[in-house]
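Below: one structure, written as structure tokens.
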Amino acid sequence: MSQEQVFCCALFQGMKEKEAESILSCLSAVRRRYEKGNVIFSAGHCVRSLGLVQSGRVEIVRDDYWGNRQVLGTAGPGELFGEAYACVGEEPLMVSVLASETSEILFLEVRRILSVCSPACEYHSRLIRNLLDIMARKNLMLTRKIDHMGQRTIREKVMTYLSFEAERQKKTSFLIPYNRQQLADYLAVDRSALSAELSRMQKDGMIQYDKNRFTIKQI
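In full-length UniProt numbering, the protein residues as written are 1 to 219.
This is the structure in structure tokens:
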């Protein structure tokens, strides 16, 4: 993701490139590179900066006492992570953030974002509005995830999730951002049980799939 593409992301929406560059300088943004599997944020720690993915992809995960992992979400180029915890500041993370591939992350200190600079520039106010909009949209996404996980059977969970993706992407054949293990973690089900159910659903004529491409069929 080029510098120009970074400035096209939701956080900088409505700003000119020079304005966004000025904001990054004002916020003392820090850029870091992570290899696949590297831990970016660790559960139990407090953070004061949000992360903006410039390239690669990260996973937001939760591990329980017995080592079971649940994928709560992902973030790709132009997307944020950690902003809610960074806003609170003193709340220890209940999740970890890992690089699922080689990634470059831009870190922005939220305290600086929320403290409008002395000139009270219009684009700083725009940055705050954009951040609030992103957080509100993520809250809606969390509500949808709860809906997916709240279904009683694996089939119902899968169909609720695939129906949402079809509606979101406005087509019946689409790619999902998860491999099989990640989808199982997202839906909080066993991977083998998920694979078996997907096979049965395809046999029943409900769906077709190849890796992470799915097609919903009319029954």
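Even for Gly, the Cβ is constructed at its ideal location relative to N, Cα and C.
Nothing here was measured: the structure is a model prediction, and the numbers come from that model.
Which two residues bound the contiguous beta strand (DSSP E) that contains residue i?
i, result
"Ser-115", "Ser-115 -> no beta strand (DSSP E), and no H or E assigned at all."
"Tyr-178", "Per DSSP, Tyr-178 belongs to no beta strand (DSSP E) and is neither H nor E."
Leaving out five residues on either side along the sequence, give the residues of the same chain with a beta carbon under 8 Å from the beta carbon of residue i.
i, result
"Ser-49", "Val-30, Gly-82, Ala-86, Phe-107, Leu-108, Glu-109 and Val-110"
"Cys-8", "Gly-78"
"Leu-69", "Inspection of the sequence shows that residue 69 is occupied by Arg rather than by Leu. Same-chain partners within the cutoff: Val-61, Arg-62, Asp-63 and Asp-185."
"Met-206", "Met-159, Ile-216, Lys-217 and Ile-219"
Closer than 7 Å by C-beta to residue i: which residues in its own chain qualify, once you throw out the five before and the five after it? Chain order, please.
i, result
"Arg-126", "Gly-14 and Met-15"
"Val-71", "Glu-59, Val-61, Gln-182, Asp-185 and Tyr-186"
"Asp-190", "Ala-184"
What are the partner residues of residue i, as DSSP defines its beta bridges?
i, result
"Phe-81", "Gly-51"
"Thr-74", "Glu-59"
"Gln-151", "Bridge partners of Gln-151: none, in fact."
"Thr-215", "Ser-173 and Gln-208"
"Phe-107", "Val-30 and Gly-51"
"residue 280", "Because the chain here runs from 1 to 219, residue 280 falls outside it and cannot be looked at."
"Ser-96", "Val-61"
Inspect the beta-carbon positions of residue i and residue j and report whether they are closer than 8 Å.
i, j, result
"Ser-103", "Ser-55", "yes"
"Ser-96", "Ala-20", "no"
"Arg-180", "Leu-194", "yes"
"Ile-60", "Gly-51", "no"
"Ile-146", "Ala-10", "no"
"Ile-113", "Leu-24", "no"
"Tyr-178", "Ile-105", "no"
"Leu-175", "Arg-129", "no"
Just checking my contact of residue i with residue j at CB under 8 Å: how many whole Å lie between their CB atoms?
i, j, result
"Ala-99", "Gly-37", "7 Å"
"Leu-198", "Tyr-186", "So it is not a contact: roughly 14 Å between Cβ atoms."
Less than 6 Å between C-beta atoms, sequence neighbours within five positions excluded: which residues of the same chain meet that for residue i?
i, result
"Met-149", "Ala-188"
I need the boundaries of the alpha helix (DSSP H) containing residue i, first residue and last residue.
i, result
"Gln-202", "191 to 203"
"Leu-24", "17 to 26"
Can you confirm whether residue i, when its beta carbon is compared against all beta carbons of chain D, has any partner nearer than 8 Å?
i, result
"Pro-177", "Among the chains in the structure shown there is no chain D, since it carries only a single protein chain."
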